[in-house]
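Under the working numbering, the first residue of the sequence shown carries the number 364, and numbering increases by one thereafter.
Ideal placement from N, C-alpha and C gives every residue a C-beta, glycine not left out.
Structure record follows, encoded as structure tokens.
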Amino acid sequence: MNTQRNQWLAVAGALLIIVVVVLYNGARMNTNLQRPLPPGQTVNTAASVEVVAVTSGHYQATVTAYGNARARFQLTLEAQVSGEVVALSPQLETGERVQQGAVLLQLDDRDYQAAVASARSDLATAQVSLLEEEREGDQALAEWQSAGLEGEPDSELVFRQPQLAAARAALEQSRTALASAQRDLDSTRVKAPFNALVVERVVAPGSQVQAGTELATLYSSDSVEITLQLSPQQWQNLPHSGTVALKAVNGSGQWQGRILRRSLNLDEATRQRSLVVRVDAPLEQTPALLPGTFVEATLSGTGQDGLWRLPATALSQRSEIWYVTEHNTLSSFPAQVLFSDQEGIYVQPPAALSQGEQQVLVHPLNSYLQGMRVNPTQPSRAAQPVVAQPIGGEADHG
Numbered sequence: 364m365n366t367q368r369n370q371w372l373a374v375a376g377a378l379l380i381i382v383v384v385v386l387y388n389g390a391r392m393n394t395n396l397q398r399p400l401p402p403g404q405t406v407n408t409a410a411s412v413e414v415v416a417v418t419s420g421h422y423q424a425t426v427t428a429y430g431n432a433r434a435r436f437q438l439t440l441e442a443q444v445s446g447e448v449v450a451l452s453p454q455l456e457t458g459e460r461v462q463q464g465a466v467l468l469q470l471d472d473r474d475y476q477a478a479v480a481s482a483r484s485d486l487a488t489a490q491v492s493l494l495e496e497e498r499e500g501d502q503a504l505a506e507w508q509s510a511g512l513e514g515e516p517d518s519e520l521v522f523r524q525p526q527l528a529a530a531r532a533a534l535e536q537s538r539t540a541l542a543s544a545q546r547d548l549d550s551t552r553v554k555a556p557f558n559a560l561v562v563e564r565v566v567a568p569g570s571q572v573q574a575g576t577e578l579a580t581l582y583s584s585d586s587v588e589i590t591l592q593l594s595p596q597q598w599q600n601l602p603h604s605g606t607v608a609l610k611a612v613n614g615s616g617q618w619q620g621r622i623l624r625r626s627l628n629l630d631e632a633t634r635q636r637s638l639v640v641r642v643d644a645p646l647e648q649t650p651a652l653l654p655g656t657f658v659e660a661t662l663s664g665t666g667q668d669g670l671w672r673l674p675a676t677a678l679s680q681r682s683e684i685w686y687v688t689e690h691n692t693l694s695s696f697p698a699q700v701l702f703s704d705q706e707g708i709y710v711q712p713p714a715a716l717s718q719g720e721q722q723v724l725v726h727p728l729n730s731y732l733q734g735m736r737v738n739p740t741q742p743s744r745a746a747q748p749v750v751a752q753p754i755g756g757e758a759d760h761g
């Protein structure tokens, strides 16, 4: 019982000591607050903000976009006629390259050779029939004239004109049939329609195919194209022509391309336009630019005057740029990023701020208010990003 009482007394004593200390410190703080400040001294309530000094300059836009390298032609090669696969080219294998016109596979052509021979025979017969009709027509005309008859006969059959027309039509039909039979025969030898990379082979020797049966997949190898989706702002910064720096997103290679064409429509889903970049002889590059490679494309765009280059963090979540006025108060303006690169973002300041040096906040907060008093501080040199000079040397101050 005595032990418990002693514990309560110890706790009560400790609380009493704490209360006395708090009251004493509060009294001293109140005395200090009531003490007048020395003449000329004021209480500093301005918040410290980190700023970077900027001036307007001339900068060249950089347009960056991404896309997949795709072969210009991607073809599923199909049989034009039916038959048995009797031979395959050794080049018709995945990863092999074939030249335009190379025979990739051979179908059994015996029936097609017979059809060509039959068509040739029919053509010869039609030629003979036409000659006979022409001779009989000439003979009928001579008999008409020798009989002293005048005018036109009552029927065209007298001079055998309908028979002659039928013979000529039969001859034309025979020629068309021979050409068709020859095309079918030629189609038994399946050829590469362009210089290509074999992506896949589907058939094997002995395969029975019909017209339309898939035989192989070919990608053209002369060039690849990269389609880049660009925003309206990127289009404004785009050069009319020129080279495009390409690099694999996974870092496996770099290449040079050129602007091939520009779309004249907007994508219904993204509301963006497409720019097509071409790389010639992609498989001859070092390293080879393989179809399907995901690349980053960088284009040097047009030059623009009167821009600020700022750290990317200077753009607030509300897309505003905050700066310190000459009275050490905060102000801001809505900004649109015209372009960006590894050095930072580029914005167009209001005309009133385009002259001279301005102090822009590096890390603006959502809690900042217009007219708020601040104490601007420069970041330490070690923490400052490397800032390249504007095009043409020093910034344009007017």
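- In the three-state scheme derived from DSSP, where H, G and I count as helix and E and B as strand, A532 is classed as helix.
- The criterion of a C-beta distance shorter than 9 Å is satisfied by L527 and E497.
- Within the same chain, E496, E499, G500 and A503 come within 7 Å of R523 by CB-CB distance, once the 5 residues on both sides are set aside.
- A check of alpha carbon separations from Q545 across A478, R531 and A675 identifies A478 as the nearest.
- In the DSSP assignment, the residues bridged to D704 are G707.
- Pairwise C-beta distances place the segment 479-487 in contact with the segment 542-560, as three or more of them are shorter than 8 Å.
- Excluding sequence positions up to five before and after P727, its CB lies within less than 6 Å of the CB of S679 and W685, all in the same chain and listed in chain order.
- With a 10 Å radius around the Cβ and a threshold of 16 neighbouring Cβ atoms, S584 comes out buried.
- When secondary structure is reduced to three states using DSSP, E413 falls in the strand class.
- For Q508, the enclosing alpha helix (DSSP H) has its first and last residue at R473 to S509.
- S637 is positioned such that its CB atom lies closer than 9 Å to that of L591.
- When L601, E689 and S695 are compared, the shortest CA-CA separation from A677 is found for S695.
- With respect to T606, G616 sits apart: the two C-beta atoms are not nearer than 9 Å.
- In the three-state reduction of the DSSP assignment, S550 falls in the helix class, which pools H, G and I.
- Residue pairing from DSSP places T590 in a beta bridge opposite V639.
- As the crow flies, the alpha-carbon of Y429 is around 30 Å from that of S419.
- Annotated three-state conformation of E459 is coil, per DSSP.
- By the Cβ-count criterion, A450 is exposed, with fewer than 16 other Cβ atoms from all chains shown falling within 10 Å of its own Cβ.
- By the Cβ test, the segment 695-704 is not in contact with the segment 458-469, since fewer than three Cβ pairs between them sit closer than 8 Å.
- Taking C-alpha positions only, V444 is separated from T576 by approximately 9 Å.
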